[in-house]
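Sequence lines, in order, name chains A and B. Taking my numbering, the leading residue of the first sequence gets 1, the next gets one more, and so forth. Taking my numbering, the leading residue of the second sequence gets 496, the next gets one more, and so forth. All C-beta atoms, glycine included, are put in the ideal place defined by N, C-alpha and C. Contents: one structure, followed by commentary.
2 protein chains.
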Amino acid sequence: MQAKVLTFLILSGVALGDYWSDRDKLIAIEESQMLGSDVVLTEEEEAVNEFLMKDKLREYDSGFTNPRLFSPSRHFFEVRDNIEESNVFKFIKQMPKGGALHGHDTSLLSYNALYNLTYEDNLYACTVNKRLKLKFMNASVEDEECKWKLLSDLRKEDPYYDVWLQSQLTLVTENPREAYQDINEVWRALDDVFETVTPLVTYRPVMETYVYQALLELYEDNVFYLEFRSTLPEVYELNGYVYNPIEVAGIYKKVADKFKQDYPDFIDVRLIYAPVRNVNNATVEEYVNIVNELEIRYPGFLVGFDLVGQEDIGKPLSEFIQLIQTVSQNISFIFHAGETNWFGSSTDLNLVDAILLGTKRIGHGYGLIKHPLLMALAKNKGIAVEVCPISNQVLMLVEDLRNHPAAHLIASGYPIVVSYDDPSFWGSKGLSYDFYLAFMGMASRSSDLRLLKKLAENSFTYSALSVVEKRVAKRKWHKTWNTFIGTTYRSISRL
Amino acid sequence: MQAKVLTFLILSGVALGDYWSDRDKLIAIEESQMLGSDVVLTEEEEAVNEFLMKDKLREYDSGFTNPRLFSPSRHFFEVRDNIEESNVFKFIKQMPKGGALHGHDTSLLSYNALYNLTYEDNLYACTVNKRLKLKFMNASVEDEECKWKLLSDLRKEDPYYDVWLQSQLTLVTENPREAYQDINEVWRALDDVFETVTPLVTYRPVMETYVYQALLELYEDNVFYLEFRSTLPEVYELNGYVYNPIEVAGIYKKVADKFKQDYPDFIDVRLIYAPVRNVNNATVEEYVNIVNELEIRYPGFLVGFDLVGQEDIGKPLSEFIQLIQTVSQNISFIFHAGETNWFGSSTDLNLVDAILLGTKRIGHGYGLIKHPLLMALAKNKGIAVEVCPISNQVLMLVEDLRNHPAAHLIASGYPIVVSYDDPSFWGSKGLSYDFYLAFMGMASRSSDLRLLKKLAENSFTYSALSVVEKRVAKRKWHKTWNTFIGTTYRSISRL
Chain A
1 MQAKVLTFLI
11 LSGVALGDYW
21 SDRDKLIAIE
31 ESQMLGSDVV
41 LTEEEEAVNE
51 FLMKDKLREY
61 DSGFTNPRLF
71 SPSRHFFEVR
81 DNIEESNVFK
91 FIKQMPKGGA
101 LHGHDTSLLS
111 YNALYNLTYE
121 DNLYACTVNK
131 RLKLKFMNAS
141 VEDEECKWKL
151 LSDLRKEDPY
161 YDVWLQSQLT
171 LVTENPREAY
181 QDINEVWRAL
191 DDVFETVTPL
201 VTYRPVMETY
211 VYQALLELYE
221 DNVFYLEFRS
231 TLPEVYELNG
241 YVYNPIEVAG
251 IYKKVADKFK
261 QDYPDFIDVR
271 LIYAPVRNVN
281 NATVEEYVNI
291 VNELEIRYPG
301 FLVGFDLVGQ
311 EDIGKPLSEF
321 IQLIQTVSQN
331 ISFIFHAGET
341 NWFGSSTDLN
351 LVDAILLGTK
361 RIGHGYGLIK
371 HPLLMALAKN
381 KGIAVEVCPI
391 SNQVLMLVED
401 LRNHPAAHLI
411 ASGYPIVVSY
421 DDPSFWGSKG
431 LSYDFYLAFM
441 GMASRSSDLR
451 LLKKLAENSF
461 TYSALSVVEK
471 RVAKRKWHKT
481 WNTFIGTTYR
491 SISRL
Chain B
496 MQAKVLTFLI
506 LSGVALGDYW
516 SDRDKLIAIE
526 ESQMLGSDVV
536 LTEEEEAVNE
546 FLMKDKLREY
556 DSGFTNPRLF
566 SPSRHFFEVR
576 DNIEESNVFK
586 FIKQMPKGGA
596 LHGHDTSLLS
606 YNALYNLTYE
616 DNLYACTVNK
626 RLKLKFMNAS
636 VEDEECKWKL
646 LSDLRKEDPY
656 YDVWLQSQLT
666 LVTENPREAY
676 QDINEVWRAL
686 DDVFETVTPL
696 VTYRPVMETY
706 VYQALLELYE
716 DNVFYLEFRS
726 TLPEVYELNG
736 YVYNPIEVAG
746 IYKKVADKFK
756 QDYPDFIDVR
766 LIYAPVRNVN
776 NATVEEYVNI
786 VNELEIRYPG
796 FLVGFDLVGQ
806 EDIGKPLSEF
816 IQLIQTVSQN
826 ISFIFHAGET
836 NWFGSSTDLN
846 LVDAILLGTK
856 RIGHGYGLIK
866 HPLLMALAKN
876 KGIAVEVCPI
886 SNQVLMLVED
896 LRNHPAAHLI
906 ASGYPIVVSY
916 DDPSFWGSKG
926 LSYDFYLAFM
936 GMASRSSDLR
946 LLKKLAENSF
956 TYSALSVVEK
966 RVAKRKWHKT
976 WNTFIGTTYR
986 SISRL
C-alpha cells in the first residue's frame, strides 16, 4: 500500500494492527524516506553494517547521556582530537567516499602540509597591518609597505616568529567564540588568511607541489575524485612572469594529469571557474569571456561556473543575470547559494536565481529549508546540495550541528553530497571529518552504512562527469568499495 | 494556474514572461505559502502594516549589515534591553496577541513580581546544599536538614543575603555559556529553581495573589486567554493543611473566575493537567485517575492532559501507552513532544506517539522537521505546534534563533502558536518578547502584520475552546484588534 495512504489511514484512527504495529509501520515508513534507505546491502555489507552500528550507537547513546561527549554538538576546534579517537571516524577514514565536489583552490591542503610549504626556498615575508605577507622572490625588493626578509632569516632571528606565523595560516584558535565575535568578523579573518596564503601557493613550482599534495591527501583519505572551485588567481614565477587565467587552468590540469599517471585509480580532477562575486559588471563580463574560453581550451577539464566570497556581503546573482546568461550553454552552473542564516534577504534569494539559471548543484544551500517550494522543485530537478558541516560551523552559521538544516534534507531523502570546503583553515584533512559529522550529527540514530554508501554514490551521480564517465567512475569506486567491505568483513570475522 | 504547476513550468524552462517576471512569480508563490499569507488586510490595516514594516526592515537590514545588532541571533539574557527599545517590540506589546497556550503553573509570573512575593509575611528560608529553601510557616520548626529563619530577619542580618536570594529565583546570569556548560546542566538549574520557587507560590493565599498577578501580566501585555500546564502541586495552608489535586484545580478556577469578574474582557483560563513524566506506571495510573476525576468535577475548566519534565531524561510516552489510553475520551491530549536536538532517539520519537495518541497540539515539537512525513500528516490533521523561542534558546536547543526549526514551519504555512513557557526564569513577561523573536528571527524579511495577526488568530483556532466558545472568543479578540488598528492608524496619520 502506498506509504502516504497507509500513514493517513493509521492517523485517521483506522487501526490496522494494534497500536504497536501501527507505530512500527509509521517509523518504518519515515525511515524508508530517509537518504540512503533505497540502498540494498549484500550479506557482507550487512555484517559490516552491524559492526559499524555497534560503534555508532555506543557513541550516540553515550552522547545522549552525557551531552558533552557528543562531538557534533561542539565546535570542531575543540573536539577534533576526540573525533579522531572515534571508531566510527576510523571506519569512515578507510571507507571509499567517492569524490569531493566542494573545495576551493587555495585551501585544499591540510594545515600541516600547508605550513611545511613555508620551508621552501626563496620565501620572503613581512608584516603589514599586523598581517603576515609572503612572497617567493629572487631577492628582497624595495617596498614602502613592508620590509621583505627571507623567512628563514626571520625564523633564525626570532624563535617566536614561527609561532606567530602559524597563527596567520589558519582560523584555528583555542577560543573561537572570543576570537570571532560575529559572522562578519570570522569572514574577515578568513579573507585575511586567504590573502596571506595565496602568494604561498601561487608560486608556480610550489603551486604544483601544493596541488599534487592536496590530491594525495584526498587519495589517502580514500577519496578518488575532485571538483574544485578556482578563482584562477595570478600564478607567478620568480622572474616575475605572471600566468593568465587560461594558463593557470593549464597548470592545474598538468598537475592533475601527472597525479592520475602516478595514481591510476584516482579518477579525475575537474575545474569550476569561480571568481569573486563582489565586483562590478565589467569584471563579470571578463569572467564570462574567461570561462567561455576555458571551455574551448579545456572542454573536458572545465566543468562549471560559480561566484564565490561571503554571500551576505554580496553581490547577489540577481545583479548579473544578463551577463551570466551569456555563459556558453556547454558550461554548467554550480552556484554557491543561500550560505546564510537570513530568510528573505538577497542572500537566501540567491537560491531562486541559482535554480532559475539552471544550477546543477547548490553550494551549501544552507537557507534552502526556509524555501520549501524551491526545495521541492530542486529535488524534482535532481539539484544536489553540497553540504560542508565544519565550514558552516566555523563560519558561524550554526553551532550545534544537530541544528543543521541538512538534517531535514537527509530526513526528506533530498540528494546531498558532503564536502570539506576549506580544510586548510580549520585543521581538517580530506572528507572524513565532514562525513563523520554529517553521519553522527545530522542523520538519524538509525541511519547506517546505507547512508554512507549513498553519500559516496551521490558524489558521482551528482558530479559534472558525463553519463559515460559517471558509469566508469562508479564502477571503479564500486570495486574499491567492495574491497573495503571484504577487508572489513574478514577482520570482523576474526574477532 | 495552480501554484505548483506554474512553478514547475517555470523551472522546466518554459519562459512564461521574461526572467524577471518568472522570478517575481516564483517568489510570490513561495510567499503565498508562508504562514499568514492567507490573511487579507483592510485599508487601515494596510496603512498600519506599512508603518510596522518600515520599522521592521530598518531593524532587519541593520542586523544584516551589523550582525551584532540583530537580537534574535543572540542570547536573550544579553539583548533583552535592546529588544525593549525596538519599535517593532513596542508595536507588538500593544497588539492584541490572542491567547497563551503554553505556560507552566509555577513559572507564569515575571521575575520582578515573583521576587516581590518574597516580601510576604510568614516566609521562612534556609539553605540546603547551597540552594535556597522557602516555606510559609507560622513559626520556625525543627529540621535536621536546614535552619529555618524568617526571611525578613535573614535580610536584616545580612545585606548581601538578598542578592544571593535573587539569583536563586532565576536562570538569568551575565554569562550563560559559562554558567551552563550543557543542556543537562541548564535543566538541572531549571529544576533547582522550580524546587526553590514552588513552596513560595503554593502557599494558598500567596498562590492566589500569584495567579491573579500572572493573569494581570498577560492582560497588560494584551493577551486575553490562557491555557496552562499544571502538575497540580501540593498547595498548603499555614495550619499544615495540604490540598489534594482536585482542590488545587478548584483554587486555580476560583482565582480565574475572580479575575474574569474584575476584567470582563479577559476571555478565560483553562487547565491542562500535566504531571511529571519521570515516574513509574503506578504513578501514571494515579495521574489518569486524577485527570478523569478533574474532567467530571471541572468539565469546562480542565481541557487537557500532558506529561512534563526534561524530555531527554525521560520517560517517553511509549512507556505509558496503555495507561494513557484509559484517559477519558472527553479529555484532549496536548503533549510536549520532541523538545530535543536528537534525531531518532526516544525523545523525538515522542512525536510519533503524541500524534498516534491523537494529540491536539504539540508542545515545542522542536524535532518535528526531522520527521517530514509526521509533519505533513500533523499539518493535515491541524495539529498546531506551540513554539516558545526564548525557552528553546535558554534551555540550549538553539543559539541563533534564525536556526530555529520554526522558520521552516512558518515558511511551509504550518500552523503554529507562540508562547512563553517559563517567563519567570528567563526574565521575560507576557508574550511580546517571544512574539518579537518569532517575527524578527524566524519569519521571512517580508513577513508582516499578516503573520502577527495569524499568530493571534491561531491561538484561538488551535485552543481547546469548544467551537462555539472559539467563535465568541475570536469575535471578542477581533474587537480589541480593530480598536488597536484604529488607534495605531490614527496616530500614524497624525505623524
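Backbone CA spacing between residue i and residue j [nearest angstrom]
i: residue 494 (chain A); j: residue 89 (chain A); result: 21 Å
i: residue 829 (chain B); j: residue 802 (chain B); result: 9 Å
i: residue 221 (chain A); j: residue 874 (chain B); result: 44 Å
i: residue 102 (chain A); j: residue 384 (chain A); result: 12 Å
i: residue 685 (chain B); j: residue 569 (chain B); result: 20 Å
i: residue 504 (chain B); j: residue 512 (chain B); result: 11 Å
i: residue 390 (chain A); j: residue 916 (chain B); result: 33 Å
i: residue 1 (chain A); j: residue 21 (chain A); result: Any answer about residue 1 (chain A) is weak, because its pLDDT of 46 lies below 50 and its placement is not dependable; what the coordinates show is given next. Taking the straight line joining both Cα atoms gives about 15 Å.
i: residue 142 (chain A); j: residue 148 (chain A); result: 8 Å
i: residue 324 (chain A); j: residue 363 (chain A); result: 17 Å
i: residue 261 (chain A); j: residue 372 (chain A); result: 45 Å
i: residue 691 (chain B); j: residue 733 (chain B); result: 18 Å
i: residue 622 (chain B); j: residue 666 (chain B); result: 18 Å
i: residue 460 (chain A); j: residue 368 (chain A); result: 22 Å
i: residue 218 (chain A); j: residue 164 (chain A); result: 28 Å
i: residue 846 (chain B); j: residue 910 (chain B); result: 16 Å
CB contact check: residue i to chain B, cutoff 9 Å
i: residue 64 (chain A); result: yes
i: residue 407 (chain A); result: yes
i: residue 342 (chain A); result: yes
i: residue 436 (chain A); result: no
i: residue 310 (chain A); result: no
i: residue 19 (chain A); result: yes
i: residue 116 (chain A); result: no
i: residue 369 (chain A); result: yes
i: residue 359 (chain A); result: no
i: residue 22 (chain A); result: yes
i: residue 121 (chain A); result: no
i: residue 58 (chain A); result: no
Residue i at chain A interface by Cβ criterion, 9 Å
i: residue 701 (chain B); result: no
i: residue 496 (chain B); result: Low local confidence applies: a pLDDT of 47 at residue 496 (chain B) is under 50, so the model's placement there is unreliable, with the coordinate-based value given in what follows. Not one chain A Cβ lies under 9 Å of residue 496 (chain B).
i: residue 800 (chain B); result: no
i: residue 522 (chain B); result: yes
Q: Scan the region 198 to 264 of chain A and note each continuous alpha helix (DSSP H) run of 4 residues or more that stays entirely inside, going in chain order.
A: Entirely contained in the region 198 to 264 of chain A, the alpha helix (DSSP H) runs reaching 4 residues are, in chain order, 204 to 220 and 245 to 262.
Q: Inspect the CB distances between the region 704 to 723 of chain B and the region 574 to 581 of chain B and report whether three or more fall short of 8 Å.
A: Proximity of the region 704 to 723 of chain B to the region 574 to 581 of chain B falls short of the contact definition, fewer than three beta-carbon pairs being nearer than 8 Å.
Q: Taking only runs that begin and end inside the region 551 to 626 of chain B, name each unbroken beta strand (DSSP E) of 3 or more residues, in chain order.
A: Within the region 551 to 626 of chain B, the complete beta strand (DSSP E) runs of at least 3 residues are 618 to 623.
Q: Give, in chain order, every unbroken run of the alpha helix (DSSP H) that is at least 4 residues long and sits entirely within the region 940 to 971 of chain B.
A: Runs of the alpha helix (DSSP H) inside the region 940 to 971 of chain B: 944 to 956.
Q | Near-chain B residues of the region 382 to 406 of chain A (beta-carbon distance less than 7 Å), N- to C-terminal order | A | Going along the region 382 to 406 of chain A in chain order, one finds 398, 399, 400, 402 and 403 with a Cβ nearer than 7 Å to chain B.
Q.
Quick check for students: name the residue ranges of the beta strand (DSSP E) that lie wholly in the region 626 to 665 of chain B, counting only runs of 3 or more.
A. Counting only runs of at least 3 residues, the region 626 to 665 of chain B fully encloses the following beta strand (DSSP E) elements, listed from N- to C-terminal order: 626 to 631.
Q. Should the region 347 to 364 of chain A be regarded as contacting the region 426 to 437 of chain A, the criterion being three or more beta carbon pairs within less than 8 Å?
A. The count of Cβ pairs closer than 8 Å, one atom from the region 347 to 364 of chain A and one from the region 426 to 437 of chain A, stays below three, leaving the stretches out of contact.
Q: Can you give me, in chain order, the residues of the region 640 to 668 of chain B that have a beta carbon less than 8 Å from any beta carbon in chain A?
A: Here the close residues number zero.
Q.
In chain order, what are the residue ranges of uninterrupted alpha helix (DSSP H) at least 4 long that sit wholly in the region 406 to 452 of chain A?
A. The qualifying runs are 406 to 411, 423 to 426 and 432 to 437.
Q) Between the region 312 to 331 of chain A and chain B, which residues of the former have CB atoms less than 9 Å from a CB of the latter, in chain order? A) Flagged, chain order: 312, 318, 321, 322 and 325.
(Q) Between the region 518 to 531 of chain B and the region 544 to 551 of chain B, can you find at least three pairs of beta-carbon atoms closer than 8 Å? (A) No: fewer than three Cβ pairs fall under 8 Å.
Q) Curious, which full-length beta strand (DSSP E) runs of at least 3 residues does the region 330 to 364 of chain A contain? A) Runs found: 332 to 337 and 361 to 364.
Q. Does the region 688 to 704 of chain B touch the region 608 to 627 of chain B, meaning 3 or more C-beta pairs lie closer than 8 Å?
A. As far as the Cβ criterion goes, the region 608 to 627 of chain B touches the region 688 to 704 of chain B, which means the pair count is three or higher.
Q: Pull out every residue of the region 838 to 852 of chain B whose Cβ sits closer than 8 Å to any Cβ of chain A, in chain order.
A: So the close ones are 838, 839, 840, 844, 847, 848, 850 and 851.
Q) Per the contact definition of three or more C-beta pairs closer than 8 Å, is the region 792 to 806 of chain B in contact with the region 822 to 836 of chain B? A) Because the criterion of three Cβ pairs below 8 Å is met, the region 822 to 836 of chain B and the region 792 to 806 of chain B touch.
(Q) Short of 8 Å Cβ to Cβ, which residues in the region 443 to 456 of chain A face chain B? (A) Listed in sequence order: 443, 444, 445, 446 and 447.
Q: Can you check the region 754 to 821 of chain B for any beta strand (DSSP E) of at least 3 residues that lies completely inside it and give the ranges in chain order?
A: Listed in chain order, they are 763 to 768 and 797 to 800.
Q) How about the region 733 to 746 of chain B and the region 940 to 948 of chain B: do they share at least three Cβ pairs that are nearer than 8 Å? A) With the cut-off at 8 Å, the region 733 to 746 of chain B and the region 940 to 948 of chain B do not touch.
Q. For the region 244 to 257 of chain A against the region 439 to 448 of chain A, are there 3 or more C-beta pairs whose distance is under 8 Å?
A. Counting C-beta pairs with one atom in each stretch, the region 244 to 257 of chain A and the region 439 to 448 of chain A have fewer than three that are closer than 8 Å, which means they do not touch.
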